[in-house]
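Numbering (this note's numbering), first residue to last: 1 to 294. Ideal Cβ placement from N, Cα and C applies to all residues, glycine included. Computed from a predicted structure; not experimentally measured. Everything below concerns the one structure shown next.
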Amino acid sequence: MNRATLPGPVVSAGRSVIRGYGMGTAALRPGPDFLLIGAKRGGSTSMYYTLLEHPRVMPLFPNARLLPKNNHTKGVHYFDSHYDKGSAWYRSHFPASARRSGKVVGEGSPYYLFHPLAAERAGRDVPEARILLVLRDPIERAFSHYRERRRQNAEDLPSFEEALAAENDRLKGEEARIVSEPGYLSYAHEQQSYRAQGEYAPHLRRWMEHFPAERVHVVAAEEFYADPQTAVDGVARFLGLDPAPLPPSAVKVWNAAPSQELSPHTRQQLAEHYAPFNADLEELLGRTFPWTRP
1 MNRATLPGPV
11 VSAGRSVIRG
21 YGMGTAALRP
31 GPDFLLIGAK
41 RGGSTSMYYT
51 LLEHPRVMPL
61 FPNARLLPKN
71 NHTKGVHYFD
81 SHYDKGSAWY
91 RSHFPASARR
101 SGKVVGEGSP
111 YYLFHPLAAE
121 RAGRDVPEAR
131 ILLVLRDPIE
141 RAFSHYRERR
151 RQNAEDLPSF
161 EEALAAENDR
171 LKGEEARIVS
181 EPGYLSYAHE
191 QQSYRAQGEY
201 APHLRRWMEH
211 FPAERVHVVA
221 AEEFYADPQT
231 AVDGVARFLG
241 LDPAPLPPSA
251 VKVWNAAPSQ
261 ELSPHTRQQL
271 AEHYAPFNAD
281 LEELLGRTFP
291 WTRP
């Protein structure tokens with residue numbers, strides 16, 4: 001029987017057995033060599049799957065060949081949503097053969113950047129990991145995030161402008177509750193924070209309190225898509241790998257949505273909102289970004 005046609009209960013049981021095996025062998029498994037922490041709707045999915053084209057980068061366990069799915073799993077969401085499952089559960093996602101084969105393995109969970117506890121948890125549990133980010137023009141990121149929610153019937157407000165107007169009320173008290181109740185999962189904080197998730201500097205600064213600057217690498221999404229080889233070569237060197245040529249079809253734009261125009265007025269409002277955050281980000285990293293250049 002083709003794996004794609006297996007009954008749901010069979011698939012679920014198989015995954016449970018595989019995860020149980022992974023947890024039982026967790027002591028033999030490495031932690032992540034890198035965490036791709038965001039930004040959501042910023043290009044992290046494309047970056048992750050492009051990195052898997054490198055001969056010394058391994059996918060998570062179990063890989064797609066062991067599961068009835070088309071693609072390898074990208075993220076574990078341990079440091080944001082599943083921290084209560086414990087370190088054995090987390091390590092069960094990493095292939096035991098990575099160390100023996102001299103390869104690296106990592107995971108990409110784009111909510112990590114924005115989650116108020118993820119950086120502290122990761123700094124405590126995997127302090128040797130390298131931190132990778134793909135950041136996109138925050139205006140385009142916010143609009144893309146909203147359109148994704150609408151496309152998935154997960155956002156009731158019919159216009160981006162209405163969602164932006166509602167954002168402060170939706171997020172009020174949510175971060176404080178996440179911090180005070182570590183098991184609390186906030187849909188609004190993760191999925192309706194369209195404007196807030198593009199305020200990159202304070203979120204990244206929180207991570208840099210736990211990981212030194214030399215262990216943090218930021219890629220501009222616009223530069224990645226314009227010149228994938230150069231961007232991925234830089235990431236490879238950051239991970240201690242020799243650059244490797246990408247196959248012509250390596251870079252795919254994942255989760256793309258049909259193009260849609262953002263109103264000039266809303267764009268201008270967001271540009272004014274993000275201006276101080278962009279300046280702070282550039283000062284923090286000592287570099288400019290495509291969306292701030294003339």
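Relative to the C-alpha of residue i, which residue among the options is closest?
| i | options | result |
| --- | --- | --- |
| Asp125 | Asp33, Gly234 and Thr45 | Asp33 |
| Leu52 | Tyr274, Val251, Asn278 and Glu282 | Val251 |
| Phe79 | Ala119, Ala129, Lys172 and Val104 | Ala119 |
| Ser46 | Gly24, His72, Pro212 and Pro55 | His72 |
| Trp207 | Leu117, Ala88, Ala279 and Gly102 | Leu117 |
| Val104 | Asn278, Tyr274 and Leu241 | Leu241 |
| Thr292 | Pro138, Glu181 and Ala165 | Pro138 |
| Leu185 | Val57, Val232, Asp84 and Glu140 | Asp84 |
| Ala188 | Glu181, Pro182 and Glu175 | Glu175 |
| Ser159 | Arg287, Ala122 and Ser263 | Ser263 |
| Met58 | Val216, Arg136 and Arg100 | Arg100 |
Could you tell me the alpha carbon to alpha carbon distance between residue i and residue j, rounded to whole angstroms?
| i | j | result |
| --- | --- | --- |
| Glu283 | Gly198 | 16 angstroms |
| Leu239 | Pro202 | 24 angstroms |
| Ala361 | Ala27 | The question about residue 361 has no answer, for the chain in this structure spans 1 to 294. |
| Leu204 | Gly22 | 31 angstroms |
| Arg29 | Gly106 | 12 angstroms |
| Ser81 | Arg151 | 23 angstroms |
| Gly43 | Thr25 | 33 angstroms |
| Phe114 | Glu190 | 8 angstroms |
| Gly75 | Pro276 | 31 angstroms |
| Glu214 | Ala129 | 11 angstroms |
| Ala98 | Val218 | 24 angstroms |
| Phe61 | Gly102 | 16 angstroms |
| Glu223 | Pro243 | 17 angstroms |
| Asp169 | Asp280 | 25 angstroms |
| Phe289 | Tyr48 | 21 angstroms |
| His273 | Arg15 | 45 angstroms |
| Ala221 | Glu181 | 34 angstroms |
| Ala236 | Arg177 | 38 angstroms |
| Arg93 | Val17 | Residue identity check: residue 93 is His in the sequence provided, not Arg. Going by the C-alpha atoms only, they are around 13 angstroms apart. |
| Tyr200 | Gln260 | 24 angstroms |
| His77 | Asn278 | 27 angstroms |
| His265 | Ala166 | 17 angstroms |
| Gly86 | Leu133 | 25 angstroms |
Locate the beta strand (DSSP E) running through residue i, then write down its first and last residues.
| i | result |
| --- | --- |
| Glu107 | Val104 to Gly108 |
| Leu35 | Phe34 to Leu36 |
| Leu135 | Arg130 to Leu135 |
What does DSSP give as the partner residue(s) for residue i in the beta ladder?
| i | result |
| --- | --- |
| Leu171 | Per DSSP, none; premise fails for Leu171. |
| Ala220 | Leu135 |
| Val251 | According to DSSP, Val251 bridges with nothing at all. |
| Met58 | Val105 |
Looking at the secondary structure, which residues open and close the alpha helix (DSSP H) in which residue i lies?
| i | result |
| --- | --- |
| Asp84 | Careful: Asp84 lies outside any alpha helix (DSSP H) and carries neither H nor E. |
| Gln268 | Pro264 to Leu285 |
| Thr25 | Thr25 -> no alpha helix (DSSP H), and no H or E assigned at all. |
| Gln229 | Pro228 to Phe238 |
| Gly42 | No alpha helix (DSSP H) contains Gly42, which DSSP labels as neither H nor E. |
| Arg206 | Tyr200 to Met208 |
| Gln197 | Taken as a continuous stretch (DSSP letters only), Gln197 belongs to no alpha helix (DSSP H), as it is neither H nor E. |
Would you verify that the beta carbon of residue i is, or is not, closer than 8 angstroms to some beta carbon of chain B?
| i | result |
| --- | --- |
| Leu132 | This model lacks chain B altogether, as it is built from one protein chain only. |
Subject >> Inter-stretch contact (C-beta, 8 angstroms, three-pair minimum) for the stretch 268-277 and the stretch 239-249 >> reply: No, they do not touch.
Original post:
Does the stretch 137-145 touch the stretch 184-198, meaning 3 or more C-beta pairs lie closer than 8 angstroms?
Top reply: Below 8 angstroms, enough C-beta pairs join the stretch 184-198 and the stretch 137-145 to call them touching: three or more.
Original post:
Between the stretch 35-42 and the stretch 99-113, do at least 3 Cβ pairs fall closer than 8 angstroms?
Top reply: Counting Cβ pairs under 8 angstroms, three or more are found: they touch.
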